[in-house]
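Protein sequence lines, in the order shown, are assigned to chains P and W. Oh and the first sequence: position 250 is 250 in our numbering, straight run, nothing missing. Oh and the second sequence: position 110 is 110 in our numbering, straight run, nothing missing.
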Amino acid sequence: MKRIGVLALRRLAQSVPVLLIILIGLFLLLQLAPGDTVDALLAQMGGGDAAVAAQLRRDYGLDVSVPVQLGRYLVRLLSFDLGMSAIYGKPVASVIFERLAVTALFMSCALAFAFSAGLVLGVLAARRVNGWPDTLISTLGLVFYAIPSFWLGLMLIVLFSVKLAWLPPGGFESIGEGLTGMAHVLDVAQHLVLPILSLSLIFLAIYLRLMRASMLEVMTLDFVRTARAKGLSEGHVLRRHVLRNALLPMVTFVGLQFSTMLGGSVVVESVFSLPGLGRLAFESVVQRDLNTLLGIVLVSAVLVIVVNFIVDLLYAKLDPRIVAR
Amino acid sequence: MQTTRRQVLVAGSALAVAGGGPALAQGPVPAPQRGGTLTVQLTSEQRVLNPAIQASTGVYVMASKIVEPLVDLDAQGEPVGVLAERWDGSADGLTHTFHLRRGVNWHDGKPFVARDVQFSAMECWKKILNYGTTLYQFLEAVETPDEHTAVFRFSKPMPQGLLLRALPDLGHVIPAHVYAGTDIRTNPANTAPIGTGPFVFKQYERGQYLIAERNPNYWRGNGQPYLDRIVWRFISDRAAASAALESGQVQFSPYSGLALSDISRLSKDARYTVSTRGNEGNTAHTVMEMNLRRAELAKVEVRRALCHALDLGFFIENFLYGYAKLGTGPIPSSSAPFYVPRAAPYPFDRAKAERMLDDAGYKRPSRGAMRFAQPLKLLPAPWGEYTVNFATFIQQSLREIGVRVEIEARDAPGFLTGVYRDHNFDLTTGWHQYRNDPAVSTTVWFRTGSPVGAPWTNQYGYDNPAMDRAIDVAATELNAMKRKADYQEFVKLAVDDVPVHCAVEHAFISVYAKRLMGSHNTPRWSSSSWHDAWLAPA
Numbered sequence: 001m002k003r004i005g006v007l008a009l010r011r012l013a014q015s016v017p018v019l020l021i022i023l024i025g026l027f028l029l030l031q032l033a034p035g036d037t038v039d040a041l042l043a044q045m046g047g048g049d050a051a052v053a054a055q056l057r058r059d060y061g062l063d064v065s066v067p068v069q070l071g072r073y074l075v076r077l078l079s080f081d082l083g084m085s086a087i088y089g090k091p092v093a094s095v096i097f098e099r100l101a102v103t104a105l106f107m108s109c110a111l112a113f114a115f116s117a118g119l120v121l122g123v124l125a126a127r128r129v130n131g132w133p134d135t136l137i138s139t140l141g142l143v144f145y146a147i148p149s150f151w152l153g154l155m156l157i158v159l160f161s162v163k164l165a166w167l168p169p170g171g172f173e174s175i176g177e178g179l180t181g182m183a184h185v186l187d188v189a190q191h192l193v194l195p196i197l198s199l200s201l202i203f204l205a206i207y208l209r210l211m212r213a214s215m216l217e218v219m220t221l222d223f224v225r226t227a228r229a230k231g232l233s234e235g236h237v238l239r240r241h242v243l244r245n246a247l248l249p250m251v252t253f254v255g256l257q258f259s260t261m262l263g264g265s266v267v268v269e270s271v272f273s274l275p276g277l278g279r280l281a282f283e284s285v286v287q288r289d290l291n292t293l294l295g296i297v298l299v300s301a302v303l304v305i306v307v308n309f310i311v312d313l314l315y316a317k318l319d320p321r322i323v324a325r
Numbered sequence: 001m002q003t004t005r006r007q008v009l010v011a012g013s014a015l016a017v018a019g020g021g022p023a024l025a026q027g028p029v030p031a032p033q034r035g036g037t038l039t040v041q042l043t044s045e046q047r048v049l050n051p052a053i054q055a056s057t058g059v060y061v062m063a064s065k066i067v068e069p070l071v072d073l074d075a076q077g078e079p080v081g082v083l084a085e086r087w088d089g090s091a092d093g094l095t096h097t098f099h100l101r102r103g104v105n106w107h108d109g110k111p112f113v114a115r116d117v118q119f120s121a122m123e124c125w126k127k128i129l130n131y132g133t134t135l136y137q138f139l140e141a142v143e144t145p146d147e148h149t150a151v152f153r154f155s156k157p158m159p160q161g162l163l164l165r166a167l168p169d170l171g172h173v174i175p176a177h178v179y180a181g182t183d184i185r186t187n188p189a190n191t192a193p194i195g196t197g198p199f200v201f202k203q204y205e206r207g208q209y210l211i212a213e214r215n216p217n218y219w220r221g222n223g224q225p226y227l228d229r230i231v232w233r234f235i236s237d238r239a240a241a242s243a244a245l246e247s248g249q250v251q252f253s254p255y256s257g258l259a260l261s262d263i264s265r266l267s268k269d270a271r272y273t274v275s276t277r278g279n280e281g282n283t284a285h286t287v288m289e290m291n292l293r294r295a296e297l298a299k300v301e302v303r304r305a306l307c308h309a310l311d312l313g314f315f316i317e318n319f320l321y322g323y324a325k326l327g328t329g330p331i332p333s334s335s336a337p338f339y340v341p342r343a344a345p346y347p348f349d350r351a352k353a354e355r356m357l358d359d360a361g362y363k364r365p366s367r368g369a370m371r372f373a374q375p376l377k378l379l380p381a382p383w384g385e386y387t388v389n390f391a392t393f394i395q396q397s398l399r400e401i402g403v404r405v406e407i408e409a410r411d412a413p414g415f416l417t418g419v420y421r422d423h424n425f426d427l428t429t430g431w432h433q434y435r436n437d438p439a440v441s442t443t444v445w446f447r448t449g450s451p452v453g454a455p456w457t458n459q460y461g462y463d464n465p466a467m468d469r470a471i472d473v474a475a476t477e478l479n480a481m482k483r484k485a486d487y488q489e490f491v492k493l494a495v496d497d498v499p500v501h502c503a504v505e506h507a508f509i510s511v512y513a514k515r516l517m518g519s520h521n522t523p524r525w526s527s528s529s530w531h532d533a534w535l536a537p538a
C-alpha cells in the first residue's frame with residue numbers, strides 16, 4: 001500500500017510540468033480568440049456603454065497586459081487558488097466542485113456500462129466466431145459506432161420521452177419535488193438512463209470489437225492449448241486463462257479513451273441539459289471565462305492522470321509479470 | 001382550430017396597426033383558477049437577475065416576476081402604473097413627479113418607499129444599467145419630499161412620453177436597504193433578488209433551474225398571483241427544448257427559444273399556441289449593416305443597389321417560415337405612437353440593382369465576373385437563426401448581381417470585437433431591438449459620437465450632420481405630436497442614406513401550452529410580472 005502511495009506521488013510530481021505547459025498554452029491560445037468575457041457579458045445584455053465596459057474590465061483584471069495576467073494567475077495557482085468565475089461570480093473551485101459530482105457519476109456509469117457490456121458481447125462474439133451471434137453483435141457494434149452521440153441522444157428523447165413518455169427528456173433530477181433517500185436515487189437514475197446510453201454506445205462498440213479481437217488472438221496461443229490439453233473445462237479456460245490476458249488491451253484503451261469520453265460528455269450534457277463539467281466548459285468558452293476554463297482543464301487533466309494511474313495498477317493486478325513503476 | 005403561420009402573421013400585423021392592442025378578439029374568458037406550477041424553458045442563463053443593472057429580455061423573463069418597475073405597458077400599449085400610482089410632469093420637461101403606491105412591502109417585509117426609487121435611479125439606472133446610462137444622462141437628482149413621492153429632476157428637457165415608455169424596461173426598483181453601501185455589481189441579491197413582485201425568489205441552481213414561489217402578500221390582492229410557483233429551466237439545445245415542451249416537462253418557451261422549424265411544426269399541433277401576440281413591445285429588425293469605410297460602400301448608390309438585390313419576401317417565407325414582415329425603416333410598424341405607414345423602401349429588383357451598380361462605375365468586367373476587386377467580408381451576427389440565415393441569404397443574393405461575399409462566422413465576443421472595436425468587416429447582419437421609443441436604443445444606430453468599441457452603436461463610419469441634428473431635436477421635443485413628426489425626418493434620412501438596411505421586422509415568437517391562460521395579454525407580456533397568469537387543469 002505504501003508503495004502505491006509513493007508511486008502516486010511520484011506520478012503526480014512528474015505530471016506537474018505537463019500541467020503547467022497545458023495551462024500556459026491554453027491561456028495563450030485563448031488570447032487568440034477575439035473578445036473577452038466583458039464582450040460576452042455585453043452580448044448577453046444587448047448593450048452597454050464604454051465606461052461601464054472599462055469598469056468591468058478593471059473588475060475582472062483584464063485591464064493589464066497578457067503576461068501580467070498570466071503571472072497573476074500562476075501566482076494564485078501556487079496557493080491552490082483557481083480565481084473567481086466571471087459567469088458565476090463565485091470561486092472557480094466551488095463552481096467546478098458542484099459540477100464534478102454530476103459528471104463523475106454520469107461518466108463512471110457510462111464507462112462501467114460500456115466496459116461491461118462491451119466485454120460480455122465481445123466474449124460472446126468471440127466464442128461463436130462467424131456464427132450468427134457473432135454476425136449480429138458485430139453488425140450492432142458497427143451501427144453503434146457509426147451513430148453520432150448527439151443525434152442518438154435526440155432520437156432517444158423523441159422515442160422514450162416524447163412518444164412513449166417513459167423517461168424524462170432532460171435535466172438531472174425532478175425540480176422542486178424535494179425527493180429524498182431511495183426516491184431521489186431512483187429519480188436521478190431515471191434522468192441518467194438516456195444520457196448514459198447516448199454517451200456509452202459508441203464506446204461499447206469499440207470495446208466489443210477490441211474484446212472480440214483480443215479474445216480470438218489469445219485463444220490461439222500455446223498456453224490455451226496447454227490448458228485445454230490439461231483437460232480443463234471450456235468455461236474454466238475462458239475465464240481463468242483467456243479472459244485475463246485478453247483484458248489487457250481493453251484496460252489500456254479505457255485509460256486512453258477516458259479523455260475522449262470527457263470530450264464527448266460536452267455534447268451529451270448539452271442535449272440532456274445535465275449540469276456537468278462538459279457543459280460548464282462549453283459555457284466558459286462561449287463566455288470567455290478564462291479562470292473557469294483553466295480550472296476545468298486542470299481538473300480534467302488531473303482526472304486523466306489519476307485514471308491512467310489506476311490503469312497501471314490494474315495491469316499489475318491482471319498480469320503479475322508487469323510491475324507498475 | 002389550427003392556426004397557420006400565415007394567419008398568425010396576418011393577426012400580428014392587424015394588431016400592430018391597431019396599436020398593439022391584443023385585448024381585442026378574445027372569446028369569453030373563463031374564471032382564473034389558483035394553483036399549479038408553470039415551467040418555462042430558457043435557452044441561456046444570465047450572470048445576474050437584477051433588472052436595475054442589466055436591461056435584457058433574458059433578465060426580465062425571470063426577474064420581472066420578482067422585481068417590479070414603476071410603470072409597465074397595458075393591453076393597449078399605453079403606460080400603466082405598477083409601483084407608481086400616477087405621475088405628472090412640469091411644462092418645461094425638467095421635472096417628473098411619481099406618486100408611489102402605498103402599502104407595498106418588499107419580500108423581506110420592509111416597506112417600499114421613495115428612497116428605494118431614488119437609490120435605484122441614481123445608483124443603478126443612471127450609473128450601471130445599459131441604455132439607462134444614456135437615457136438618464138441628464139438626470140440630476142431624485143428628490144423624496146415624502147415617503148411616497150419621487151421627484152425626478154433633469155438638466156435637459158425629458159419628454160414625458162419617452163420616460164414613461166422607457167420605464168417598463170429601464171425602471172425596475174430594487175431595495176435600497178439591501179443594496180446601499182455595498183458593491184452593487186457583486187451584491188449577493190443580484191442572484192437571489194428581493195423585490196415587491198407577485199413571486200418570491202426561492203432557489204437558483206446555476207446551469208439547471210430557477211424557482212420562484214407565490215407571494216401571498218402581493219399588493220394587488222384579489223387572489224393574485226394565481227400560480228403557486230414558476231420554474232425556469234435552462235435547456236440550451238433547441239431540439240431538446242422542443243422535446244421538453246412536447247413531453248409536457250415545460251409549458252412555455254418565450255422569445256423564439258426554439259428552432260424555427262420546430263416552431264413551424266408545433267404551430268400545427270392543437271396542444272400549443274404559437275404566436276407573436278404579447279411580444280409586440282419587443283419588436284426587432286433583422287438588418288444588414290454596411291461599413292462606409294469600404295470605398296464601394298461609401299457610395300450611397302451602391303448601398304441602395306445591394307438592398308434592391310435582396311428578395312426579402314422569399315427570405316421571410318422560406319427562411320423565417322413567414323414569422324416576419326418587410327421592414328419599412330428603423331421605427332417598426334408595431335410602435336403606434338411613432339409609426340407612420342410607409343412602403344418597404346427597397347423592393348426586390350435585381351435588374352435595377354445591376355443597373356445602379358453599372359451606373360456607379362462598378363461594371364462587370366465580363367459576364368459572370370465579379371464587380372468589386374475584393375470580395376465583401378460579411379460577419380454574421382451570432383444572435384440566432386434570423387441573423388445567421390440572413391447572412392447566407394445576403395451572400396447568395398449578392399452573388400446574383402456580381403458581388404462576391406465572404407462569410408466569416410464568429411461567436412458573440414469575437415463578433416462584437418470584430419465589428420464594433422476593430423471595424424474589421426464590410427457587411428454584417430444584426431438584430432436591432434426596438435424599445436418602445438426611438439430615443440431609447442434606435443437612434444444610437446445612426447448618431448455619430450459613440451466611442452469606438454461601444455457595441456450596438458453606429459460603428460460603420462456613417463456621418464451625416466443633418467441626421468445628428470434630427471435625432472437631437474426629436475430627443476428633447478416635449479410636444480408628442482411634434483415629436484412624432486420629428487421622427488419621420490429621422491426615418492426618412494435613415495432610409496435614404498441606408499447605412500443600415502432594416503430589412504425584416506419581427507416580434508419574438510412565444511410557444512406555449514394552451515392551458516396557460518391569462519397570458520400574452522400585454523405587448524411585453526413575456527417580460528411582465530405574470531400576476532394574472534394561471535394554468536387550466538391538464
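Ideal Cβ positions, reconstructed from N, Cα and C, are used throughout, including at glycine.
Against Ser94(P), chain W offers no close residue; the least beta-carbon distance is about 11 Å (beta-carbon pairs closer than 8 Å). With at least 16 other beta carbons inside 10 angstroms of its own, Ala86(P) counts as buried. Excluding five sequence positions before and after Asp426(W), the CB atoms of its chain that fall closer than 6 Å to its own CB belong to Asn291, Arg294, Leu376, Lys377, given in chain order. Contact between the region 116–129 of chain P and the region 200–212 of chain P is present: 3 or more CB-CB pairs across the two stretches fall below 8 Å. The beta-carbon distance between Gly295(P) and Ala93(P), rounded to whole angstroms, is 7 Å. This is short enough to meet the 8 Å contact definition. DSSP, reduced to helix, strand and coil, places Asn105(W) within a strand of the structure shown.
For a cut-off of 8 Å, the C-beta gap from Ala166(W) to Gln118(W) is around 18 Å, too long to register as a contact. Going by C-alpha positions, Glu269(P) is about 34 Å away from Leu243(P).
For the pair Arg371(W) and Arg355(W), the Cα-to-Cα distance works out to about 12 Å.
In this structure Tyr204(W) touches Leu210(W) by the C-beta definition: roughly 5 Å separates them, less than 8 Å. Between Ala244(W) and Pro275(P), the C-beta spacing is not below 8 Å.
Only residues of its own chain outside the window of five on either side were considered, and among them Ala126, Val129 have a CB closer than 7 Å to the CB of Leu216(P), listed in chain order. Between Tyr73(P) and Phe144(P), the beta carbon gap of about 42 Å keeps them out of contact (Cβ cut-off 8 Å). Residue contact check for Gly103(W) against chain P: no CB pair falls below 8 Å. Taking each of Gly453(W), Gly281(W), Thr429(W), Tyr462(W) in turn and checking the Cα distance to Arg57(P), the smallest one comes out for Gly453(W). The residue from His236(P), Leu293(P), Ile310(P), Ser138(P) with its alpha-carbon nearest to that of Thr252(P) is Ile310(P). Any Cβ of chain P closer than 8 Å to the Cβ of Gly414(W) would place that residue at the interface, and such an atom is present.
Per DSSP, reduced to three states, the secondary structure at Arg11(P) is helical. Counting only the Cα atoms, Arg233(W) lies some 18 Å from Gln190(P). By the neighbour-count criterion, in which a residue is buried when 16 or more other Cβ atoms sit within 10 angstroms of its Cβ, Phe223(P) is exposed. Taking the Cα positions, Pro438(W) is about 7 Å away from Ile331(W).
For Pro249(P), the uninterrupted alpha helix (DSSP H) segment begins and ends at 244–271. Excluding five sequence positions before and after Val304(P), the CB atoms of its chain that fall closer than 8 Å to its own CB belong to Phe258, Ser259, Leu262, given in chain order.
Listed as beta-bridge partners of Tyr209(W) by DSSP are Glu205(W), Arg233(W). Annotated as distal: Thr43(W) and Gly278(W), with beta-carbon spacing of 8 Å or more. Per DSSP, Pro145(W) lies in no alpha helix (DSSP H) segment; the continuous beta strand (DSSP E) that holds it begins and ends at 139–146. Assigned with DSSP and collapsed to three states, Leu221(P) falls in coil, not helix or strand. Here the alpha carbon of Leu70(P) sits roughly 8 Å from the alpha carbon of Ile24(P). In this structure Leu199(P) is in contact with Ala110(P), their Cβ atoms being roughly 4 Å apart against a cut-off of 8 Å. If you compare the alpha carbons of Val18(P), Leu20(P), Phe106(P), Ala40(P) with that of Pro413(W), the shortest gap goes to Ala40(P). Assignment of Pro67(P) by DSSP, reduced to helix, strand and coil, places it in the helix class. Taking the C-beta atoms as reference points, Ala298(W) is found no nearer than 8 Å to Trp431(W).
With its beta carbon at least 8 Å from every one in chain W, Leu293(P) lies outside the interface. Interface annotation, Arg47(W): in contact with chain P, CB-CB separation under 8 Å.
Collapsing the DSSP output to three states places Val340(W) in coil. Residue state for Pro455(W) is assigned as coil, using DSSP reduced to three classes.
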